[in-house]
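Asker: Mind looking over this structure? Questions follow.
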């Protein structure tokens, strides 16, 4: 196997010659069938390229225990489409009827991809579905340049994009192994936020946790198969499944594709409580000043030296049992921490403030860490950087609450 990042070059002259000879015999509207020759992946790629260069469509179909190559000659359709696409300037589009045959559709998609163009299904003024091919080459290159800097701890935000621009961003991000999130449904122009895998997991985990706490929530399904697999696995871990009352009982997770809005709800047990509820109890988390403080929990007697030496595990256990002895999930502990420290208010919603709550939180968190850090200033700077980064993300999602974090984004801050 070649080393990662290397390119393997194949000598395909003999195979190419055989394919070209067969393709040259085809006539307009004709069909060529090549039975199983034991095609390798490299040979399939070459066959597709050779066919496309001759305005042909190559399709590999299962045939018995193997597969066969079926080549279609699209005739005047291909040559007419090529002329239209060649004439497109940057930002221009050509509209095609959506009632194309499967072979014609394959040719449109293959030729557009070869020329770096974008294919979008849209409805016209009469409500009729059409196919639009956009020349977005320069925009795609700009997106690639911007996404080259996306890594752990930062993100790229593309604002006020139309549907074809959003599709380009999603496509380019997917090929670069990055995650994308759309703005809310309903607007013609939307933002697209692109993050690294680490950032995406932290933000998705926070939203899943919030949905589990609240009983339900809606999400936009990620674009790629791996991202969707991670999404459903995270939903399972949080006790969330498709909300049958929203989507209908006949829907399954396999009925959704990237970009669809998915409504999730907590799985109900036979007793009627949700799977994420844990043991039921009536006591509610305390408000600010209730006493939930990491590493500074009041007790009836002083802690012994042996207890103090146990470090962070003992401190967090005491924190978790202060408001209730039945805390079972990190989301519950984060909720109690937010309720204890958040002292701000914006439009009736409590927020965790940067210049008041963060300082107190940092001081208590430091005292709960093993081996007291001598350089508290450095520790505080780290928390401030994480806080500011989360505030920017919150703003990117269109949430304006001043210099503070909502409960949802406080969870993102904790993840960071």
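In the working numbering, the protein residues as written are -19 to 396.
C-beta atoms are modelled at their ideal positions from N, C-alpha and C, and glycine is treated no differently.
#1: Among 37, 64, 84, which one has its Cα closest to the Cα of residue 75?
#2: Going by DSSP, name the residue or residues bridged to residue 377.
#3: Starting from the N-terminal side, write out each stretch of the alpha helix (DSSP H) that is 4 residues or longer and does not extend beyond the region 204 to 239.
#4: Evaluate the contact criterion for the region 122 to 141 versus the region 88 to 103: three or more CB pairs, one atom per stretch, below 8 Å.
#5: Any idea what DSSP makes of residue 371, helix, strand or coil?
#6: Are the CB atoms of residue 157 and residue 202 nearer to each other than 8 Å?
#7: Around the C-beta of residue 37, are 16 or more other C-beta atoms found within 10 angstroms, so that it is buried, or is it exposed?
#8: Span of the alpha helix (DSSP H) holding residue 46?
#9: May I have a chain-ordered list of the beta strand (DSSP E) segments no shorter than 3 residues that lie completely inside the region 10 to 95?
#10: For the beta strand (DSSP E) that residue 402 lies in, which residues bound it at each end?
#11: One question on the structure: do residue 149 and residue 160 come within less than 8 Å of each other, judged by their Cβ atoms?
#12: Leaving aside the five residues before and after residue 311 along the sequence, list all residues of the same chain whose C-beta is less than 7 Å from its C-beta, in chain order.
#13: Give the secondary structure of residue 127 by DSSP, where H, G and I count as helix, E and B as strand, and everything else as coil.
#14: Report yes or no: do the region 180 to 188 and the region 223 to 233 share at least 3 C-beta pairs separated by less than 8 Å?
#15: Count the other CB atoms, across all protein chains shown, that sit within 10 Å of the CB of residue -13; report buried if there are 16 or more and exposed otherwise.
#16: Residue range of the alpha helix (DSSP H) that residue -3 falls in?
#17: Alpha carbon to alpha carbon, what distance is there between residue 154 and residue 233?
#18: Can you list, in chain order, the residues of its chain whose CB lies under 7 Å from that of residue -11, leaving out five sequence neighbours each side?
#19: Is DSSP giving residue 311 helix, strand or coil here?
#20: Nearest-angstrom Cα distance between residue 370 and residue 117?
#21: Using 8 Å as the threshold, is the region 93 to 111 in touch with the region 122 to 132, meaning 3 or more CB pairs across them?
#22: Return the chain-ordered list of same chain residues with a C-beta closer than 7 Å to the C-beta of residue 388, the five sequence neighbours on each side being excluded.
#23: Would residue 244 be called buried (16 or more neighbouring beta carbons within 10 Å of its own) or exposed?
#24: Quick one: residues in its chain with C-beta nearer than 6 Å to the C-beta of residue 86, no 5 flanking neighbours on either side, listed in chain order?
#25: Along the alpha helix (DSSP H) that carries residue 173, what are the first and last residues, could you check?
#26: Under the assumption that residue 381 contacts residue 331 (Cβ atoms under 8 Å), give the Cβ distance between them as a whole number of angstroms.
#27: What is the residue span of the alpha helix (DSSP H) that residue 394 lies within?
#28: Residue range of the beta strand (DSSP E) that residue 161 falls in?
#29: Could you check how far apart the C-beta atoms of residue 40 and residue 49 are, in whole angstroms? I think they sit under 8 Å.
#30: Tell me the DSSP bridge mates of residue 198?
#31: By Cβ distance below 6 Å, which residues in the same chain neighbour residue 99 in space, the five residues on each side in sequence not counted?
#32: Classify residue 337 as buried or exposed, calling it buried when 16 or more other Cβ atoms lie within 10 Å of its own Cβ.
Answerer: The short version:
#1: Reading the chain shown from its first residue, position 95 is the one you call residue 75. Residue 75 has its Cα closest to that of 64, out of 37, 64, 84.
#2: If you number the chain shown from 1, residue 377 lands on position 397. According to DSSP, residue 377 bridges with nothing at all.
#3: 205 to 217, 224 to 227
#4: no
#5: Position 391 of the chain shown, counted from the start, is the residue given in the question as residue 371. Of the three classes helix, strand and coil, the one that applies to residue 371 here is helix, per DSSP.
#6: To locate residue 157, count along the chain shown from 1; it is residue 177. To locate residue 202, count along the chain shown from 1; it is residue 222. No, these two residues do not count as a Cβ contact at 8 Å.
#7: Counting from 1 along the chain shown, the entry for residue 37 is found at position 57. The residue is buried, with at least 16 neighbouring Cβ atoms inside 10 Å.
#8: As a position in the chain shown, residue 46 is number 66, starting the count at 1. From DSSP, residue 46 is part of no alpha helix (DSSP H) but of the beta strand (DSSP E) over 46 to 53.
#9: 11 to 14, 36 to 43, 46 to 53, 73 to 77
#10: This structure cannot settle anything about residue 402, because the visible part of the chain is limited to -19 through 396.
#11: The residue you call residue 149 lines up with position 169 of the chain shown. The residue you call residue 160 lines up with position 180 of the chain shown. Yes, Cβ-Cβ distance for residue 149 and residue 160 is below 8 Å.
#12: Counting from 1 along the chain shown, the entry for residue 311 is found at position 331. These residues qualify, in order along the chain: 189, 192, 193.
#13: To locate residue 127, count along the chain shown from 1; it is residue 147. Three-state result, residue 127: helix.
#14: no
#15: Residue -13 sits at position 7 when you count from the first residue of the chain shown. Residue -13 is exposed by the Cβ-count criterion.
#16: Working through the chain shown from its first residue, we reach residue -3 at position 17. Its alpha helix (DSSP H) spans residues -7 to 4.
#17: Residue mapping note: residue 233 aligns to position 253 of the chain shown, counting from 1. Residue mapping note: residue 154 aligns to position 174 of the chain shown, counting from 1. Computed Cα separation, rounded: 21 Å.
#18: For the purposes of this step, residue -11 is identified with residue 9 of the chain shown, where counting begins at 1. Correct list: empty, nothing qualifies.
#19: Stepping through the chain shown from its first residue, residue 311 is reached at position 331. Residue 311: helix per DSSP, three-state reduction.
#20: Within the chain shown, numbered from 1, the residue matching residue 370 stands at position 390. Within the chain shown, numbered from 1, the residue matching residue 117 stands at position 137. Rounded to whole angstroms, residue 370 to residue 117 spans 33 Å at the Cα level.
#21: no
#22: Against the chain shown, residue 388 aligns to sequence position 408. Excluding residues within five positions, the ones whose Cβ falls inside 7 Å are 186, 187, 190.
#23: Here residue 244 corresponds to residue number 264 of the chain shown, with the count starting at 1. Label assigned to residue 244: buried.
#24: On the chain shown, position 106 is the one that residue 86 refers to. Contacts found: 37.
#25: Taking the chain shown and counting its residues from 1, one reaches residue 173 at position 193. Where residue 173 is concerned, there is no enclosing alpha helix (DSSP H), although the beta strand (DSSP E) it sits in stretches over 170 to 175.
#26: In the chain shown, counting from the first residue as 1, residue 381 sits at position 401. In the chain shown, counting from the first residue as 1, residue 331 sits at position 351. So it is a contact: roughly 5 Å between Cβ atoms.
#27: The residue given as residue 394 occupies position 414 in the chain shown. First-last of the alpha helix (DSSP H) with residue 394: 387 to 395.
#28: In the chain shown, residue 161 corresponds to position 181, counting from 1. Residues 159 to 162.
#29: By 1-based counting over the chain shown, the position of residue 40 is 60. By 1-based counting over the chain shown, the position of residue 49 is 69. Contact holds; Cβ gap of about 6 Å.
#30: Here residue 198 refers to the residue found at position 218 of the chain shown. Beta-bridge pairing links residue 198 to 243.
#31: Sequence index remark: in the chain shown, residue 99 carries index 119 (1-based). Hits under 6 Å: 89, 92, 113.
#32: Taking the chain shown and counting its residues from 1, the one referred to as residue 337 is at position 357. Counting Cβ neighbours within 10 Å, residue 337 comes out buried, since at least 16 surround it.
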